[in-house]
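Participant: Below: one structure in structure tokens.
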Amino acid sequence: MQKLKTFPKGGVHPPEHKLSAGSPIETLPVSGRVAIPVVQHLGAPAEPVVQRGEEVKVGQLLAKGTGFVSANVHAPVSGKVFRIDKKFDASGYKRTSVIIDINGDDWDPEIDRSTTLRKEITASREEIIEKVQAAGIVGMGGATFPTHVKLNVPRGKKADILIINGVECEPFLTADHRLMLERGEELVVGIRILMKALAVTTAVIGIENNKPDAIDHLTKLTADEPGITVQPLKVKYPQGGEKQLIKAITGREVPSGGLPVDVGAVVHNVGTTLAAYEAVQKNKPLIERIVTVTGKSVAKPSNFLVRIGTPISALIDAAGGLPEDTGKVVLGGPMMGKAVSKLDIPVTKGTSGVLIIPDNEAHRAPVEPCIRCAKCVSVCPMGLEPYLLMDLGVYEKFERAQNERVMDCIECGSCSYICPADRPLLDYIRLDKLRVGEMIRKARQAAK
Amino acid sequence: MDKLLTVSMSPHAHGRDTTPKLMLGVVIALLPAWAASVWFFGWGALYVPVLSVLFSVIFEYLIAKYLLKKEPSIRDGSAVVTGLLLAFTLPVNIPVWILAIGTLVAIGVGKMSFGGLGTNPFNPALVGRVFLFISFPVQMTSWPLPKGFATADAVTGATPLGLLKEGMRQGEHVANMVRELPTNYDMFMGHMGGSMGEVAAVALLLGFLYLLWRRIITWHIPVTILTTVFLFSGLMWLINPADNASPVFHLLSGGLMLGAIFMATDYVTSPMTPQGMVWYGVGIGLLTVIIRRWGAYPEGVQFAILIMNAFVPLINMYVKPKRFGEVKKNG
Ligand code: SF4
Ligand code: SF4
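These protein sequence lines are chains W and E, in that order. The first sequence maps to residues 21 to 468 in the working numbering. The second sequence maps to residues 3 to 333 in the working numbering.
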């Protein structure tokens, strides 16, 4: 076994609870009516291109990305467009969605639905980026940043390493783990595709050491792949944070306010990489994803391959139904996931998991005075002082917060997690970031 | 769905540490030293700390409830730690009424007058201890000599540092006093005069290991204090062994271990960053040796900690953690 790498400063060790690690990926069919939001990514909303009453096929374009930082949305099901309306999504807001009444499963004939592995990459660099953009691929680890943007290395910069994020450092989640075990061959072709797009000769797959089977499997699969290696990583949250992962693997530190490519690195999640394989080799847009459904009281913790738009209630039913003692339902993992108030919201491109938290763990403990134990400072992977940033938020000293580098916060939640006084550190830090962000935008406008 | 779901911002998980658990951890870490002091000083060393804790908790409760008119928060356990630490700095034959005054000053002046846990700039136990030291110098310096477990009338005498200071005042050379001073081994094991909690370095070090293992504190403060004292006193000793005590003597005598491991590391009154902790520890180490060597009192660690407590806000203001992705200047 290789020496484990890790990021040097901060981090926490929440209990892993990978309950669904042994559950193979099951394909979950969907029926009835689904709502497909036109914003499932970070960036400008996509513009619907279908009409009410129109028949759509699986894979047909529903909404077109507007501008460079945006992403196309395709029909994950076939049927009739019922209407285009505002519907609740995971954000808790109503968002424009294309609502489709499902009818059969009629695919766009352009899409290669066979399971044959297509290894040979015939597409040129430009074609790859074009296809990834056309397929509406976004970061599937949860950040949902449009992938084609990350593949277009800005002029004057050069990438020399591609890092594939198979860390899955969030407790409970196992979707990426199962993907690496069951879709490894396709994943490796996907890595080659991304390497070609970025014109790099080195790719490293980072995997936390709590997934030895995935490490072994991919090490074997990449044995004859020049330039691709697997790097086992120490189990430490947030090992999968982009900046932490780059630091762990290359030793390079993305400068404050900068991009990974500033230090020559580009990071893509394993799910994103698989989607790139399907888009380039199979002509298949991003219409489905693997979602973990889990929780301490969940009868059958599972990993499902589902179409985008499937209501999360259907996933929960398939995993044995909503437990009696449910207190909270979170999309994503416990550290960075988003709590939702309704269960009829759709799975989107960034939904990595549905975590069901029992009521006795769903509530925060009362806030106690800060005892200045410095634990929040020592766990912050970005070298910030969360106790101070919270105070600056409480007293609305946002300029000072900016000087104390609040914008560097990656919202990993390690500080709130560790605080013995249960202080809502990250809540106030988010407030700081919001206000400082406004200040920065205003200053920029004034400068113009 | 008829059930209401809880919605809150991430993170949705929380670690197991709570304030009472951390405080309990400190109490557990003090148990070896407590046991050692019962062994050396007899039953008095068992009940004086218990009384001290009781007084502290009661005073905190009464002050919070009737003077500050807020919900008493004695459950956080910090008053227990303060009471215990104060007792550990006192001689075992301390009269109970003096003990009561000490706890009142520690809790009332040292902590609650600033608003309670988390707001006080000075270590409350040390505030109480220094107040008693100045107000009742006679009772506070009649140190019982350890006579073994449960002996009747303890004999009182001076601490090793007291002996040293007295000897130097009379113009004696340190080298000539060696016979009067306890051996390093005796001091390490606790065979010396002193306050209840400070005599057995070995027991205090055991507590330190526990604190590190439980991740209640980090190594920075104790290790920098002890290293600084060792190096600084060692340097003086090398230059002039006739007039200076050996660095090992400095490390093992007085309240240095207790102060470095349990007092200087008090969360509220110590710096927030590892780098800051190192500065703070170096400051305490230097001041301790300076006061011991040139000051009016034989022991300096308590004053040194209080002085450095005053610098903590400044240290927190200027000593920042190493930021991730710091953009290098001229780079
Ligand atoms: S972890 Fe909590 S109690 Fe400790 S310093 Fe940070 S905010 Fe204060
Ligand atoms: S301040 Fe931000 S980056 Fe640091 S621990 Fe808290 S959430 Fe994570």
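Yeah, the Cβ is synthetic: ideal placement off N, Cα and C, and Gly gets one too. In this text, all values refer to a predicted model and were calculated from it rather than measured experimentally.
Let me see if you follow: with CB-CB separation under 8 Å, is T26(W) close to chain E or not?
Facilitator: Not one chain E Cβ lies under 8 Å of T26(W).
Participant: With DSSP run on the structure shown, which of helix, strand or coil describes W36(E)?
Facilitator: W36(E) falls in the helix class under three-state DSSP.
Participant: Using 8 Å for Cβ pairs, my map puts K462(W) next to V426(W). What's the rounded Cβ distance?
Facilitator: Their Cβ separation, rounded to whole angstroms, is 16 Å, which puts K462(W) and V426(W) out of contact at 8 Å.
Participant: When the Cα atoms are used, what is the spatial distance from G285(E) to L308(E)?
Facilitator: Roughly 11 Å separates the two Cα atoms.
Participant: Taking its Cβ as the centre, do 16 or more other Cβ atoms sit within 10 Å of Y113(W), making it buried, or is it exposed?
Facilitator: Flag for Y113(W) reads exposed.
Participant: Along chain E, in chain order, which residues have C-beta atoms closer than 9 Å to that of E273(W)?
Facilitator: Neighbours of E273(W) on chain E, chain order: F326, G327 and E328.
Participant: Would you identify the three-state DSSP class for M256(E), choosing helix, strand or coil?
Facilitator: It should be pointed out that residue 256(E) corresponds to Gly in this sequence rather than to Met. Reduced to three states, the DSSP call for G256(E) is coil.
Participant: Taking Cβ-Cβ distances below 8 Å as the criterion, which residues of the segment 11-24 of chain E are in contact with chain W?
Facilitator: Against chain W - using a Cβ distance shorter than 8 Å - the residues of the segment 11-24 of chain E are M11, S12, P13, H14, A15, H16, G17, D19, T20, T21, K23 and L24.
Participant: Give me the subset of the segment 415-439 of chain W whose CB atoms are less than 7 Å from a CB atom of chain E, sorted by chain position.
Facilitator: From the segment 415-439 of chain W, only R425, D428, G433, S436, Y437 and I438 have a Cβ closer than 7 Å to chain E.
Participant: Cutting at 7 Å between CB atoms, please list the residues of its own chain near T47(W), excluding the five before and the five after it.
Facilitator: Closer than 7 Å at the Cβ level, and outside the excluded window around T47(W), lie L325.
Participant: Once DSSP output is grouped into helix, strand and coil, what is the label at I307(E)?
Facilitator: In this structure, I307(E) counts as helix in the three-state DSSP scheme.
Participant: Assuming the contact rule is C-beta atoms closer than 8 Å, F27(W) and Q259(W) should be a hit. Round their C-beta distance to whole Å, please.
Facilitator: The pair is a contact, with the Cβ atoms about 7 Å apart (cut-off 8 Å).
Participant: Give the DSSP-derived three-state secondary structure of L253(W) in the structure shown.
Facilitator: Three-state DSSP puts L253(W) in a strand.
Participant: Out of S134(W), C390(W) and D121(W), which one is the CA nearest neighbour of V270(E)?
Facilitator: When only C-alpha atoms are compared, the closest one is C390(W).
Participant: Assuming P406(W) contacts D364(W) under a Cβ cut-off of 8 Å, what Cβ separation, rounded to an integer in Å, is found between them?
Facilitator: Contact flag wrong, Cβ pair sits at about 36 Å.
Participant: Could you name the residues of chain E that Y448(W) contacts, counting a contact when the two beta carbons are closer than 9 Å?
Facilitator: Ordered by position in chain E, no residue passes the 9 Å Cβ test against Y448(W), which lies about 10 Å from the chain.
Participant: Under 8 Å between beta-carbons, which chain W residues line up against L86(E)? List them in chain order, please.
Facilitator: The contacting residues do not exist; L86(E) stays about 17 Å from chain W at best.
Participant: According to DSSP, is W41(E) helix, strand or coil?
Facilitator: DSSP places W41(E) in helix when its eight states are reduced to three.
Participant: Give me the Cα-Cα distance between L238(W) and V224(W), rounded to the nearest whole angstrom.
Facilitator: Whole-angstrom Cα-Cα distance: 11 Å.
Participant: Hey, quick one: how far does the alpha helix (DSSP H) through G287(E) stretch, first residue to last?
Facilitator: Segment P276 to W296, the alpha helix (DSSP H) holding G287(E).
Participant: I'd like the span of the beta strand (DSSP E) that includes E46(W), first residue to last.
Facilitator: Taken as a continuous stretch (DSSP letters only), the beta strand (DSSP E) holding E46(W) covers I45 to T47.
Participant: Okay, do the segment 92-107 of chain W and the segment 55-67 of chain W touch, 3+ Cβ pairs below 8 Å being the bar?
Facilitator: Touching, yes.
Participant: Identify whether T136(W) lies in helix, strand or coil by the three-state DSSP scheme.
Facilitator: In the structure shown, T136(W) sits in coil (DSSP, three-state: anything other than H, G, I, E or B).
Participant: Would a check of beta-carbon distances place V201(E) closer than 8 Å to chain W?
Facilitator: By this cut-off, V201(E) is not an interface position.
Participant: Excluding five sequence neighbours on each side, which residues of the same chain lie with their C-beta closer than 8 Å to the C-beta of I119(W)?
Facilitator: R53, V54, A55, I56, V101, F102, R103, I104, D105 and K107.
Participant: Buried or exposed: S39(E), going by 16 or more other Cβ atoms within 10 Å of its Cβ?
Facilitator: Looking at its Cβ environment, which holds 16 or more other Cβ atoms inside 10 Å, S39(E) is buried.
Participant: Just checking my contact of M198(E) with V50(E) at CB under 8 Å: how many whole Å lie between their CB atoms?
Facilitator: With 8 Å as the limit, M198(E) and V50(E) qualify as a contact, their Cβ atoms being about 7 Å apart.
Participant: Give every residue of the same chain whose Cβ lies closer than 7 Å to the Cβ of A234(W), excluding the five residues on either side of it in the sequence, and list them in chain order.
Facilitator: Hits under 7 Å: G186, H197, M200, L201 and I227.
Participant: In whole angstroms, what separates the C-alpha of T229(E) from that of H222(E)?
Facilitator: Going by the C-alpha atoms only, they are around 11 Å apart.
Participant: For F326(E) versus E262(W), is the C-beta spacing smaller than 8 Å?
Facilitator: No, Cβ-Cβ distance for F326(E) and E262(W) is not below 8 Å.
Participant: With a threshold of 8 Å between beta-carbons, can P126(E) be considered close to chain W, or not?
Facilitator: Not closer than 8 Å to any Cβ of chain W, the Cβ of P126(E) fails to qualify, so no.
Participant: Find the residues of chain W that neighbour Y63(E), judging by a C-beta separation of less than 8 Å, and give them in chain order.
Facilitator: Result: empty, since nearest Cβ-Cβ is about 16 Å, beyond 8 Å.
Participant: Any heavy atom of ligand 1 closer than 7 Å to the beta-carbon of L26(E)?
Facilitator: Answer for L26(E): no, Cβ out of range of ligand 1.
Participant: Output the boundary residues of the alpha helix (DSSP H) element that contains G9(W).
Facilitator: Chain W is shown from 21 up to 468; residue 9(W) falls before or after that span and cannot be answered.
Participant: How about P406(W): is its Cβ closer than 7 Å to a heavy atom in ligand 1?
Facilitator: Result yes, Cβ under 7 Å from ligand 1.
Participant: Hey, C400(W) and C435(W): beta-carbon distance below 8 Å or not?
Facilitator: Yes, the Cβ-Cβ distance between C400(W) and C435(W) is below 8 Å.
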